Amino acid sequence: MTPSQFAFSAAFFLGLAGLAFHRTHLLSALLCLEGMMLSLYMAISLWTLQLGVLTFSSFPMILLAFSACEASAGLSLLVATARTHGTDNLQNLNLLQC
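Here the working numbering is used: the first residue of the sequence shown is 1, the next is one more, and so on.
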């Protein structure tokens, strides 16, 4: 494993650990997800450069577009939750309640 691959996999697993352990606020969960997606984007971009095949060259940009859509949907849910419940604390949210 090269040092760059180790760095990207460590960044991904740090984001995963942050998502697992810091689930008190919705904003921290969204930031951990975004960090995971960015490390995955960097790893796939490096992989396509090392591979040298043009068939996978558009995949990192598609992943980045989906990551931006995920971030915008998460932020809109954060705003809606903060307006209706007054907080982004995940323990105060009841998903079965309207």
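Cβ atoms here follow ideal geometry from the backbone N, Cα and C, with glycine treated the same way. Just so you know, these numbers come straight off a predicted model, no measurement behind them.
Beta-carbon proximity list for residue i, same chain, < 8 Å, skipping 5 on both sides
i: residue 23; result: 29 and 90
i: residue 77; result: 26
i: residue 82; result: 88
Element boundaries [alpha helix (DSSP H), containing residue i]
i: residue 42; result: 26-51
i: residue 16; result: 3-21
Distance, residue j Cα to residue i Cα
i: residue 2; j: residue 73; result: 35 Å
i: residue 57; j: residue 40; result: 15 Å
i: residue 53; j: residue 21; result: 38 Å
i: residue 68; j: residue 6; result: 25 Å
i: residue 42; j: residue 61; result: 11 Å
i: residue 59; j: residue 44; result: 8 Å
Cβ shell of residue i (< 6 Å), same chain only, five flanking positions each side left out
i: residue 15; result: 32, 35 and 36
i: residue 11; result: 39
i: residue 18; result: 32
i: residue 8; result: 39, 42 and 43
Inter-residue CB distance, residue i and residue j (contact presumed, cutoff 8 Å)
i: residue 4; j: residue 49; result: About 11 Å separates the two Cβ atoms, so there is no contact after all.
i: residue 93; j: residue 85; result: 6 Å
Beta-carbon contacts of residue i that lie in its chain and below 7 Å, excluding the five residues immediately before and after
i: residue 64; result: 41
Report task. Write down every uninterrupted run of the alpha helix (DSSP H) in the region 48-89 whose length is 4 residues or greater and which is fully enclosed by it, in chain order. Result -> 59-85
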